[in-house]
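Data block below; observations after.
Number of protein chains: 2
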Amino acid sequence: MSSLLRRSTILEVARLAGASKTSVSRYFGEERDRLSPSLQARIAQAASTLGYQPNQMARGLKGGHSKLIGMLVADIRNPFSVAITHGVEQACRQYGYSLVVCNTDNDPEQERQHLDLLSAYQVEGLVVNPSGSPERQLHTFISQGTPIVLLDREVDHVEAEVVGLDNHLAVDMALEHLCVQGYQAVLYVSEAPEQSSTRQRRLFRFHQAAEQRGLHHGTLLLAAPDGSASQQTLSDFLVAHRQYACAVLCGNGNATLAVTRLFQQLGLALGKVGLMGIDELDWCALVPPGITTLAQPTDAIGKTAVECLMHRIAPRTSTMPTTVSFAPSLIERGSTQR
Amino acid sequence: MSSLLRRSTILEVARLAGASKTSVSRYFGEERDRLSPSLQARIAQAASTLGYQPNQMARGLKGGHSKLIGMLVADIRNPFSVAITHGVEQACRQYGYSLVVCNTDNDPEQERQHLDLLSAYQVEGLVVNPSGSPERQLHTFISQGTPIVLLDREVDHVEAEVVGLDNHLAVDMALEHLCVQGYQAVLYVSEAPEQSSTRQRRLFRFHQAAEQRGLHHGTLLLAAPDGSASQQTLSDFLVAHRQYACAVLCGNGNATLAVTRLFQQLGLALGKVGLMGIDELDWCALVPPGITTLAQPTDAIGKTAVECLMHRIAPRTSTMPTTVSFAPSLIERGSTQR
DNA sequence: TTGTAAGCGTTATCAC
DNA sequence: GTGATAACGCTTACAA
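These protein sequences, in sequence, are chains A and B.
Count the first sequence with our numbering and you get residues 203 to 540, in order.
Count the second sequence with our numbering and you get residues 203 to 540, in order.
What follows is the structure in structure tokens.
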């Protein structure tokens, strides 16, 4: 029975095994092989009877090896973020790291605090889905040699890999699909683009590509949560283009949610007025006749982010690219069927 | 400009401020008041020019004060869990603690690993939404004096506060509502109840209360994800009770999702056949005519969990109750309107 | 009010 | 192969 009051230490294991601290340390570190089989056995035995487990705090103290990865999420209640977090966590565990997840609720101040904190815990790497532009602090990490990966959003003047969706491609795929389905006028709906390079990029590409295709188009920036203004903008757009087949393209999951509500408030029939969203959500299949989406490969994105980190933590020969973009996959449903 | 290569240490601050390590330590600890204003000023000055921040690893090592709370989540992709996690994180931050979130994907083995890990990081408290029955390990924490709070699910033989919904009340409220709306036969749908005390409790109370009310009732345990068997069970129930007004009560969010899919596959009209779910979800308002739910006060639950922990970490006069149950709130929508 | 010095549990650097 | 021993950065008696 090993329900001691105190965690046992390396010294106690060493004594019980008739060995030195060093050997026990080696056993639990990278150098187990250097120990003779008999010593290994004794240590294993002693450790198990004592229920010994190395104290990570002490480990982190000496060599700076906290075995911790920090992750900053802009909005943890966003299903997309959750999916990515899930991927990141899995990958971390595979590499023997633990993940400290911090949620910033899109608040730059909280973001700053959390970054300080993660630095205080000596995280060995950082996965950041930025809320603001914490350039200074990220530079601090970089200059200390802590690798950083940016998720989904870039930060000015911070050189780090950026992992995320190929926004250019995503918008193109969306418009292509809408055109094929015969829609002639498209309204793009986005959350406020100021804070997010991804939102800006999608928005910009939308203008560009819609122009190229000769589509009638407009933009709706979501503001007030009650959606009063949005409702007006949407119906104005539909009226102005009533001679065309109209569709709405949503820039992310939140936009899709908001617009679906608007459709219901306005009594619009999905499909008659097309609806398509970037980001796949649980319920997109459930709102009849189903909402067409562009799904992001969230697990792959998370996994890739961690891989970038690992390559930089234990530097190999190959240099990594500075941007990794994934293609979305089209999930076709009734909302884009006229 | 403070972009040094290495984090500066307490010693450097002390030197620059012309003070001792102890004073600097006091300044950043609980004893700032004991220092003379002039000393405080000098230290503040020095610390800020050096960009000093105490190393939490070192702090944790000496006194065991890691300022870390560990949280184990059974399924991080479940919106309910996310909401709770959000609440827990906020509360932790308020108390000056950071949160390490570990997801177990409902896998007892992962759960064990994560518990070992959290213990290795010297977490000062634990919020656990158990996947299995990690009695042994939880006891280890308890015997080391680390307080534990159980979320939503109990674990046999582990004495710890349990924070969650008042399941008894929730089921009663649901049945009451369904009765008032004129439904006479109710099918209860649940995920496998083996692992979860909450699921068991709701299921049990359903039988009991449905019986008391003289309702016709049945049970559907979700198994295969494709839902083939479930579809059969549901339609059988409806056929068997076709002379009554039928409704389905879903035991949690996943069940609601699954059942909503079934309704669509079977072409059932919401309301005609009643549908009600425990757990509120983003999209419940969006599937016409809206799905009636019982919402859990997730923020309150998360906050309470952390408060329990804090009371035990810094023991006060009052003893805490061993169970804290919250009442759900009814959100009435069209799916329970005949 | 302030400082000195002894750890905390581990890893890294040398020796043997 | 194995083992002393000195850090790591901080807290905390104990002095002054």
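Note that beta-carbon positions come from the ideal geometry of N, C-alpha and C, so glycine has one too.
Because the structure is a prediction, the values reported are computed rather than measured.
When the five nearest sequence neighbours on each side are left out, the beta carbons in the same chain lying within less than 8 Å of the beta carbon of residue 237(A) are those of 225, 228, 229, 245, in order along the chain. Contact of residue 231(A) with chain B is not assigned, every C-beta pair being separated by 8 Å or more. Around the beta carbon of residue 313(B), 16 or more other beta carbons sit within 10 angstroms, so the residue counts as buried. Taking a Cβ-Cβ cut-off of 8 Å, residue 228(A) has no neighbours in chain B, whose nearest Cβ is about 18 Å from it. Contact check for residue 504(B) against residue 215(B) fails: the beta carbons are separated by 8 Å or more. Checking the DSSP bridge columns, you'll see residue 528(A) partnered with 367(A).
Residue burial annotation: residue 339(B) is buried, with at least 16 other C-beta atoms found within 10 angstroms of its C-beta. Taking a C-beta distance under 8 Å as the contact criterion, residue 257(A) and residue 324(B) qualify as a contact pair.
Within the segment 463-474 of chain B, the residues whose Cβ lies closer than 8 Å to any Cβ of chain A are, in chain order, 463, 466.
Between residue 368(A) and residue 529(A), the beta carbon gap of about 6 Å places them in contact (Cβ cut-off 8 Å). If you check each beta-carbon in the segment 321-335 of chain A against every beta-carbon of chain B, the ones closer than 7 Å belong to 321, 322, 323, 324. Between the alpha carbons of residue 287(B) and residue 330(B) lies a distance of about 11 Å. If only complete runs of 3 or more residues are kept, the segment 402-465 of chain B shows the beta strand (DSSP E) at 418-423, 448-452, in order along the chain. Setting aside the 5 residues that flank it on each side, residue 531(A) is surrounded in the same chain by 496, 497, 499, each with a C-beta closer than 8 Å to its C-beta; the list follows chain order. Comparing alpha-carbon positions, the option among 510(B), 459(B), 418(B), 293(B) lying closest to residue 486(B) turns out to be 459(B).
Taking C-beta separations shorter than 7 Å and ignoring five residues to either side along the sequence, the partners of residue 262(A) in its chain run 268, 324, following chain order.
Along the segment 271-343 of chain B, the alpha helix (DSSP H) occurs as fully enclosed runs of 4 or more residues at 281-296, 310-322, listed in sequence order.
272(A) is the residue among 272(A), 281(A), 404(A), 278(A) whose C-alpha sits nearest the C-alpha of residue 343(A). The alpha-carbon of residue 540(B) is positioned some 7 Å away from that of residue 383(B).
For the segment 490-522 of chain A, the full-length alpha helix (DSSP H) segments reaching 4 residues or more read 500-515 along the chain. When the Cα atoms are used, residue 439(A) and residue 536(A) turn out to be separated by approximately 22 Å. Ranked by Cα distance from residue 232(A), the options 240(A), 211(A), 298(A) are led by 298(A).
For residue 285(A), the nearest CB of chain B lies under 8 Å from its own CB, placing it at the interface with that chain.
Not a single CB atom of chain A sits nearer than 8 Å to the CB of residue 427(B). Around the beta carbon of residue 506(B), a 10 Å sphere encloses 16 or more other beta carbons of the protein chains shown; the residue is thus reported as buried.
Residue state for residue 213(A) is assigned as helix, using DSSP reduced to three classes. Taking the Cα of residue 363(A) as reference, the smallest distance to any Cα among 400(A), 350(A), 332(A), 276(A) is reached at 350(A).
Shown here, residue 385(B) sits in coil according to DSSP, grouped into three states, outside any helix or strand. Following the DSSP letters along the chain, one finds residue 353(A) inside the beta strand (DSSP E) bounded by residues 350-353. Between the segment 401-413 of chain A and the segment 431-450 of chain A, the count of C-beta pairs closer than 8 Å stays below three; the two stretches do not touch. Contacts with chain B at 8 Å (Cβ-Cβ) include residue 300(A). Under DSSP, residue 478(B) shares a beta bridge with 451(B), 494(B). For residue 242(A), the enclosing alpha helix (DSSP H) begins and ends at 239-252. Shown here for residue 386(B): same chain residues with a beta carbon closer than 7 Å to its own, the five before and five after excluded, namely 417, 418, 446, 447 in chain order. Judged by DSSP secondary structure, residue 472(B) falls outside any alpha helix (DSSP H); it is assigned neither H nor E.
Residues of the segment 255-267 of chain A that bring their beta carbon within less than 7 Å of a beta carbon in chain B comprise 255, 256, 257, 258, 259, 260, 262, 263, in sequence order.
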